[in-house]
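Numbering (my numbering), first residue to last: 41 to 345.
Beta carbons: idealized from backbone N, C-alpha and C, even for Gly.
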């Protein structure tokens with residue numbers, strides 16, 4: 041999926057002003073450019089990413105990460121368009137190279153403009169992606185962010201994945217993974233890498249899509265659900281992510297044999313539920329729809345109010 045990066049000013053005018061980059065900092069985060077191949081043997085490189093070729097198991101030079109088109113019908117090592125629709129994945133996704141047991145692509149992101157804020161502390165890095173693989177293939181994918189200083193020295197690392205064959209139950213899958221950490225002071229660049237690995241294999245069917253890296257200060261990386269009792273009614277509220285705009289939240293409350301639902305498309309994203317018909321321990325679910333993302337499902341437990 042394509043993504044534009046803007047700048048949010050940290051203060052109002054004046055000398056010494058700094059800026060924290062807003063939104064997803066990854067260029068070509070879903071491999072939408074160029075047109076992906078129709079099969080996992082085409083080895084079409086994703087634009088804006090640098091490929092690292094590694095030796096294949098039989099000694100031949102391996103292929104780096106490639107982009108593959110979602111197929112009309114899922115199978116033969118290719119993910120289907122229905123899976124793309126479920127996560128707002130666009131036309132392409134990332135896949136390991138052929139022939140290669142390990143495939144890696146990376147890009148460098150300059151965040152030196154936010155140096156003053158980073159050095160002062162309180163800036164978080166938010167990392168998320170959809171990761172998966174193909175049926176019984178042991179291939180798995182991960183995403184890493186390395187925090188680099190001015191001299192390119194490593195100051196720390198953040199990782200999501202890999203999503204293993206067991207975790208996806210030997211099925212085609214793209215599962216969302218997310219993590220966050222404080223950005224180390226003195227960070228000036230980010231090295232973001234996608235790696236697909238198939239131990240001992242040549243068909244490197246580790247998949248990924250919608251890779252997102254963002255910096256936030258004073259906000260949350262992922263949406264958060266809170267529930268509380270107010271005047272004998274349950275009030276469910278979702279705090280939206282500071283990374284991607286929230287478009288809609290669908291709330292569900294289940295207690296005993298009764299289920300109640302409500303939706304909110306404006307901030308603050310909240311709904312109020314009376315207790316009539318609800319029994320026992322309550323389960324509250326919020327399905328959060330964000331721009332350019334699949335739904336994020338949040339769950340909380342509550343007593344009756």
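Put simply, of 143, 248, 308 and 61 the residue whose alpha carbon is nearest the alpha carbon of residue 287 is 308. Here the alpha carbons of residue 332 and residue 312 stand approximately 28 Å from one another. When DSSP states are grouped into helix, strand and coil, residue 124 belongs to the helix group. Remark: C-beta atoms of residue 207 and residue 198 do not approach each other more closely than 9 Å.
Here DSSP, grouped into helix, strand and coil, assigns residue 132 to strand. Look at residue 158 here: in three-state DSSP terms it is helix.
Between residue 143 and residue 185, the C-beta spacing is not below 9 Å. Residue environment analysis places residue 292 among the buried positions, since at least 16 neighbouring C-beta atoms fall within 10 angstroms of its C-beta. A contact is defined here as three or more CB-CB pairs under 8 Å, and the segment 157 to 176 meets this definition with respect to the segment 253 to 263. In the DSSP assignment, residue 304 falls within the unbroken beta strand (DSSP E) covering 298 to 304. Taking the Cα of residue 336 as reference, the smallest distance to any Cα among 306, 78, 284 and 119 is reached at 284.
Looking at the DSSP output, residue 260 bridges to nothing.
Going by DSSP, residue 84 is part of no beta strand (DSSP E) at all; its letter is neither H nor E. With a threshold of 16 other beta carbon atoms within 10 Å, residue 316 falls short and is exposed. Straight-line measurement puts the Cα of residue 341 at about 10 Å from the Cα of residue 295. Residue pairing by DSSP puts residue 213 in a beta bridge opposite 173.
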